[in-house]
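Numbering of the sequence shown is given in my numbering, commencing with residue 51 and proceeding in unit increments.
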Amino acid sequence: MARVTRNSLLQGISGKIGGIVVRQVGGQTIVSAAEAKEERAPRSARQQAHLDRFFAAQCYARAQMQDPAAKALYATGVDSRRQSPYHVAIADFMHAPQIISVDTSAYQGQGGDIIRVAATDDFTVASVLLRLETATGELLEEGPALPLASGFDWHYTTRSTGARAAVLHVQASDRPGNVAEQTIRL
């Protein structure tokens, strides 16, 4: 792959010329060898699943680019690697959030106790939901955690003053709806 500078012959051209391909990327002219055509083995189920997911990511990104507010939001994630809001939206769809840590040290089973969750995503974590249950699976309470100023940390203030929970389910979601889940025995 070669980058072309100050060549009026290739300026603004993109496409295949003989055995080379000329592309315009980020204001630069890129010249590379054309891909050799060869017979491919049938795709595995895993490869097909990935292609299907990528197609869904493209559909999601196109829909987000039609919404001016969503496009402006994704524009904040543009960098040298993801050069347009469209690419940021595709990457956001392809990567689920991660729950980094859950701090239950302040939880004593009383109303007003705080449970802290650290969650991250390649773009943004949209919501964090917590569900407290007894050992038998009976729901004690559930609700959304609130983001702190960092955007990385979330906190949930308990409301119930009844029995102490035995199980905590944490669910972090991003804008496209990808979900990360973690279950903790208290």
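Every residue, glycine too, gets a C-beta built ideally from N, C-alpha and C.
So what's residue i in DSSP terms, helix, strand or just coil?
i      : result
Ile70  : strand
Tyr206 : strand
Ala169 : strand
Ala122 : helix
Glu85  : coil
Arg131 : coil
Ser155 : coil
Glu188 : coil
Pro194 : strand
When you compare the CB positions of residue i and residue j, do they come within less than 8 Å of one another, or not?
i      : j      : result
Gln114 : Ala139 : yes
Arg181 : His205 : no
Ile70  : Ala86  : no
Glu183 : Val217 : yes
Phe104 : Pro226 : no
Thr208 : Tyr157 : yes
Thr170 : Phe202 : yes
Quick one: give me the first and last residue of the alpha helix (DSSP H) that residue i is part of.
i      : result
Val138 : Pro135 to Met144
Gln116 : Ala95 to Gln116
Between residue i and residue j, which are expected to be in contact by the criterion C-beta below 8 Å, what is the C-beta distance as a whole number of angstroms?
i      : j      : result
Arg132 : Ala141 : 6 Å
Ala176 : Asp224 : 5 Å
Arg73  : Ile80  : 5 Å
Gln232 : Val152 : 6 Å
Following the continuous beta strand (DSSP E) through residue i, name the residue where it begins and the one where it ends.
i      : result
Thr233 : Val229 to Arg235
Pro177 : Pro is not the amino acid found at residue 177; the sequence shown has Ser there. Here the beta strand (DSSP E) through Ser177 covers Val175 to Glu183.
Do residue i and the ligand NAP come close, with the Cβ less than 7 Å from some heavy atom?
i      : result
His145 : Ligands in the displayed structure: none, and consequently the ligand NAP is not present.
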